[in-house]
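Residue numbering for the sequence shown follows full-length UniProt numbering, beginning at 1 and increasing consecutively. By construction, the Cβ of each residue, glycine as well, lies at the ideal position given by its N, Cα and C atoms. Every value quoted in this text rests on a predicted model; they were computed, and no experiment measured them. First comes the structure, then the notes that go with it.
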Amino acid sequence: MEDAYDLIGSRVFHSNLGGDRCMSRSRASPTRAVVDKVLTGSHGLYAVATPEDEELKRKVGKTGITFSLEKADKVWRKSRIPEPGDVVLLYDVRERRQGWRADRAESSLL
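The structure is reproduced here in structure tokens:
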């Protein structure tokens, strides 16, 4: 497995499982994003968010970053479902064939 670096210097690597690219970010530096919409799809309830950082916004394009809101998936661990306009913190963001996904998401609270 070879390491590479994306446009903003975040470590990106190619996994042996399906060739996903990952943006490694520590818990101290998650990706801040704004929720655009909450939808129900074939895999259940999920949200689409746009990163606040301009370079990341260009990188993910119009599709944004999605994350599951299904309790069984344990990605979103809050009882309140986010609404459009809410700021969220996204962790373990990776590119999949269908677009960018976050494996963990939290609300951004003071």
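Closer than 6 angstroms by C-beta to residue i: which residues in its own chain qualify, once you throw out the five before and the five after it? Chain order, please.
{"i": "Y91", "result": "P30 and R104"}
Tell me the rounded alpha-carbon separation between residue i and residue j.
{"i": "V60", "j": "G85", "result": "18 angstroms"}
{"i": "K68", "j": "E55", "result": "The residue asked about is misnamed: residue 68 is Ser in this sequence, not Lys. C-alpha separation (whole angstroms): 24 angstroms."}
{"i": "V88", "j": "R97", "result": "23 angstroms"}
{"i": "S107", "j": "D73", "result": "17 angstroms"}
{"i": "E95", "j": "H43", "result": "18 angstroms"}
{"i": "K37", "j": "E83", "result": "7 angstroms"}
{"i": "K78", "j": "K62", "result": "26 angstroms"}
Spatial neighbours of residue i within its chain, please: CB distance less than 8 angstroms, with the 5 preceding and 5 following residues excluded, ordered by chain position.
{"i": "L39", "result": "L45, Y46, A47 and V48"}
Could you pull the DSSP bridge partners for residue i from this structure?
{"i": "I65", "result": "A49 and W100"}
Cutting at 7 angstroms between CB atoms, please list the residues of its own chain near residue i, excluding the five before and the five after it.
{"i": "W76", "result": "F67, S68, L69 and A105"}
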